[in-house]
Each structure stands twice: as C-alpha cells, then as structure tokens.
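Notes for the one structure printed next.
Protein chains: 2
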Amino acid sequence: MGLLRALRRFRVADRDMRRRMSEGMDMNATDVDALRYVIAHERAREAVTPRALAAYLGISTASTTKLLDRLGRSGHLRRDPHPRDRRSVVVVATDRAHAEVRERLARMHRRMLEVAEAVPEASRPDVARFLDAMADCLSAEDTLGDLGPPDASTEPIG
Amino acid sequence: MGLLRALRRFRVADRDMRRRMSEGMDMNATDVDALRYVIAHERAREAVTPRALAAYLGISTASTTKLLDRLGRSGHLRRDPHPRDRRSVVVVATDRAHAEVRERLARMHRRMLEVAEAVPEASRPDVARFLDAMADCLSAEDTLGDLGPPDASTEPIG
DNA sequence: CAATGTTTCTAGCCTAGCTAGTGAAATTGA
DNA sequence: TCAATTTCACTAGCTAGGCTAGAAACATTG
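Protein chains in written order, with the working numbering: chain A, 1 to 158; chain B, 1001 to 1158.
Have a look at this one:
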C-alpha cells in the first residue's frame, strides 16, 4: 500500500525539516515551534499569552517563562502588557523575527501551495478525507504509533 | 485550500500521538522512537547497530550509548555481539518490547490500513503524489517550515 | 605489518525540561 | 462589599537527556 509509505516519508521529511530549521536558526526545536506559533497567531490577529503557548507546546508555564527569556534575549519575542488582565502578558514577535521567518518560509510555502493546487479537483476531497481519517487514527485513545516496514532511508549492517 | 489544513491537522495529531505514547509507555520520545526503529527493522530482518540508530535519531553515538543503557535497564532492548565486527554490537528488542508495542499498535495500524484501502482506486495515485511532493517541499534546502493560519485548536485571549 | 579509520563506550559538562512555591490580580459568592 | 478562592506569570532548585573529547578494541588499507 503506497499511501502509508508516502505518509511515512512525509513524516520523516517533516521531522528532518524541523531539525534543519532549528539548526539553521540556531535555537532548539521547541523555541522554533513557539516562534512559528506566535507569528501565525499574530498574522491572524490573535493575542498569545504564555499560558496558551505552554498549552500548545505541551510544556509547563515555568518552562515557558524560560523560553520567553531565551527568545527575548535573542531578540525574537517580546512581552507586552496584557490589555485587560494585569497579571498576564501578551507575547509579541519582533519585526526581525517576522522578517527572518518570512525569508525562510516564503519559498517553501509557495511551493506547498503550488503542489496543493496541482492536485486534480476531482481527487481533492479524497486527499483531504484521507488525511483527516489518518489524523483520527492517530488521535484514537490507546495508540502508540504505526510501525510498518522501515523505509529505505537507513543503513542496516546487512 | 483544505489540503494544507488537513496536512497541518495530521501533523499536530502525529505530534500529540508521540507525546501520549511517550507518556503512556513511561519513557521519553527519543527512546520510543528508537524502540520503534529497532522493532521495525527487526521485522524486516535487518540488524541495527548503535551507530545506525544514532544516525536515524539524529543524536550522537555517545547519547545513544546512554539510550541503550536506559532501554536495557527497562528491559526493552539488549546488546548482542555483532556477528562479523567485534567492535560493534547488534541492538535487539526483547520479547516483552515486541509484545508491548504490538499490543499498543495493532488497533491503530489496522485502522490505518482500512483508511488507506477506503481511498478510491482512482484517487490513490493523486494522494500518494501529493504526499511525496509535500515531502519534497520540506526537504528543499533552505526551508524553515510552513506557517499558514493557526488552526482552531488554540485559545487566544480574544 | 604499520598506519589509519571506525566503533562503542566513559567522563564530565550544559541546557531545557520539571515541581513546588510566591506575589499580584481577577473572580466568585455570601 | 469584601473575604476566599482561583488564575497568572515568575523564581528557585533539581534532573534527565543531550553534547564534546578522549580511550580502548578492532578493522582496513597500502
């Protein structure tokens, strides 16, 4: 079944991309993920609090405080006062962060759009349904992850 | 474009699944990944060395030594002497590890197969091509990762 | 067979997580 | 209204899982 093979390949590519990205931007994977999260929400005009960020990243708020310190020091994120809750804070990406991410993303994102548009109209619902159903499989309660035969991306000793 | 939305959803589901899996098996994500790798290769009758494992996981061989110690202590992996290279080692999953993983995976894997088989014959090549092309996008040299609008899985402060 | 390369492991360090607990502000309820 | 509770971000201190450097055993090559 080539579909599962293709899915596995995509997952590995995604993992490797995150790795390169983290390497290339000289920050750890969580920090990059956080940066992407903040920027995406900023583009959608939605404020991000440390708590929301922690929930998304799956780390504690204490760790998020440290994360914000790091990304503050590196000049990517800033803490602004929350407009309505004086205990809280709004996390904002700096212009530099926006520019840096835009620069790195633009090309890939454009390519992805092209690829999506190249899928024949008639097949699109099936593609979307397939991915949604796969997501459902992974979301089911008691799962551990799929295995399947290894891809040819390894170097067994033979 | 719903395809990219579906793809994002799949990625998040995959991430969360790994998180639950790591939580549920009471080991860190890298160790689970390693276990899956070893078991998958074992099923394909391919030996796994610490070095190959390190390469796959993207960590140093020194860290892999520690990883093997951990998974040895927990009774999931074993070091066997390498048949032809006396410097080296073959990493083997214990029966218990096989059973544990099989138990956790069986249902999900079965579901995934069903989902794949439910995709209409006519659309399958398009689905596979889409995923392959997306993987290529992510593999391109200078990429950072896609952004796109955030999904509704967040709780912005409004 | 000497020289070089490869493989795993050890020793010691550093970072990014964690829990527990704090002070300040918001919310709830009597 | 105001006391009690909850929620928020943060601090302090710990731990685990990465890293580099270097060593010993073995393989490979000229």
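Even for Gly, the Cβ is constructed at its ideal location relative to N, Cα and C.
Note to self: For A:ASP14 and B:MET1134, I'd like the C-alpha separation in whole angstroms.
What the structure shows: 9 Å
Next item on the list: Determine which residues share a DSSP beta bridge with B:VAL1090 and list them.
Entry: DSSP output for B:VAL1090 lists B:ASP1080 as bridge partner(s).
Margin query: Using a Cβ-Cβ cutoff of 7 Å, what residues of the region 120 to 137 of chain A are near chain B? List them in chain order.
Written below: Of all residues in the region 120 to 137 of chain A, the ones placed with a Cβ closer than 7 Å to any Cβ belonging to chain B are PRO120, SER123, ARG124, ASP126, VAL127, ALA128, PHE130, LEU131, ASP132, ALA133, MET134, ALA135, CYS137, in chain order.
Next item on the list: Decide yes or no for the touch test of the region 113 to 132 of chain A against the region 1115 to 1128 of chain B: beta carbon pairs closer than 8 Å, at least 3 of them.
Entry: yes
Next item on the list: Please determine if the region 1079 to 1093 of chain B and the region 1113 to 1123 of chain B are in contact, where contact requires at least 3 C-beta pairs separated by less than 8 Å.
Entry: no
Notebook entry, point to check: CB A:ARG51 to CB A:THR61, shorter than 8 Å?
Noted result: yes
Note to self: So, with DSSP's three-state summary, where would you put A:ARG43?
What the structure shows: For A:ARG43, the three-state secondary structure derived from DSSP is helix.
Next item on the list: For B:MET1027, return the contacting residues in chain A, with the cut-off set at a CB-CB distance below 9 Å.
Entry: Ordered by position in chain A, no residue passes the 9 Å Cβ test against B:MET1027, which lies about 11 Å from the chain.
Check: Counting contacts by CB-CB distance shorter than 8 Å, is B:ARG1058 in contact with chain A?
Finding: Reading the sequence as shown, one finds Gly at residue 1058 of chain B and not Arg. Interface residue, yes.
Notebook entry, point to check: Can you find a CB in chain B that lies within less than 8 Å of the CB of A:ARG139?
Noted result: The question names Arg, but residue 139 of chain A in the sequence shown is Ser. Yes - at least one Cβ of chain B is within 8 Å of the one on A:SER139.
Margin query: Can you check which of these residues, B:MET1108, B:ALA1140, B:CYS1137, is closest to A:ALA136 by C-alpha distance?
Written below: In the sequence as presented, Ala is not what sits at residue 136 of chain A; that position holds Asp. Ranking B:MET1108, B:ALA1140, B:CYS1137 by Cα distance to A:ASP136 puts B:MET1108 first.
Next item on the list: To the nearest angstrom, report how far apart B:LEU1144 and B:GLU1114 are at their CA atoms.
Entry: The pLDDT assigned to B:LEU1144 is 38, lower than 50, so where the model puts this residue is not dependable; a value taken from the coordinates is nonetheless given after this. B:LEU1144 and B:GLU1114 have their C-alpha atoms some 33 Å from each other.
Check: What in chain B is Cβ-close to A:GLY2, meaning under 8 Å?
Finding: Against chain B, the beta carbon of A:GLY2 has neighbours under 8 Å at ARG1124, ALA1128, listed in chain order.
Item checked: Cβ-Cβ distance between B:THR1049 and B:VAL1090 below 8 Å -> yes
Notebook entry, point to check: Quick one, are the C-beta atoms of B:ASP1031 and B:LEU1071 less than 8 Å apart?
Noted result: yes
Checklist line | Euclidean distance between Cα positions of B:ALA1040 and B:SER1139 | finding: 23 Å
Note to self: Going by beta-carbon coordinates alone, are B:LEU1007 and B:ALA1034 separated by less than 8 Å?
What the structure shows: no
Checklist line | CB contact flag (A:MET27, A:SER74, <8 Å) | finding: yes
Next item on the list: Could you run through the region 1002 to 1024 of chain B and flag, in chain order, every residue whose CB is less than 9 Å away from some CB of chain A?
Entry: Among the residues of the region 1002 to 1024 of chain B, those with a Cβ less than 9 Å away from any Cβ of chain A are GLY1002, LEU1003, LEU1004, ARG1005, ALA1006, LEU1007, ARG1009, PHE1010, ARG1011, VAL1012, ALA1013, ASP1014, ARG1015, ASP1016, MET1017, ARG1018, ARG1019, ARG1020, MET1021, GLY1024, in the order of the chain.
Check: From B:HIS1076 to B:GLU1103, what does the alpha carbon distance come to, in whole angstroms?
Finding: 14 Å
Note to self: Taking beta-carbon pairs under 9 Å, can you tell me which members of the region 59 to 92 of chain A lie near chain B?
What the structure shows: HIS82, PRO83, ARG84, ASP85, SER88, VAL90
Next item on the list: Would you identify the three-state DSSP class for A:THR64, choosing helix, strand or coil?
Entry: helix
Note to self: Can you tell me whether B:ALA1097 is buried or exposed? The criterion is at least 16 other CB atoms within 10 Å of its CB, across all chains shown.
What the structure shows: buried
Notebook entry, point to check: If we cut at 8 Å on Cβ distances, does A:ALA97 have a partner in chain B?
Noted result: no
Next item on the list: Run the CB neighbour count on A:ARG36, radius 10 Å, all protein chains shown included, and call it buried at 16 or more, exposed below.
Entry: buried
Check: Shorter than 8 Å from the beta carbon of A:ALA54 to some beta carbon of chain B?
Finding: no
Notebook entry, point to check: Near B:MET1025, which residues of its chain fall below 7 Å by C-beta distance, leaving aside the five closest residues on each side in sequence?
Noted result: VAL1032
Notebook entry, point to check: Is it buried or exposed for B:ALA1047, if we count other Cβ within 10 angstroms and need 16 for buried?
Noted result: buried
Checklist line | Nearest-angstrom Cα separation, counted from A:ALA29 out to B:ASP1095 | finding: 34 Å
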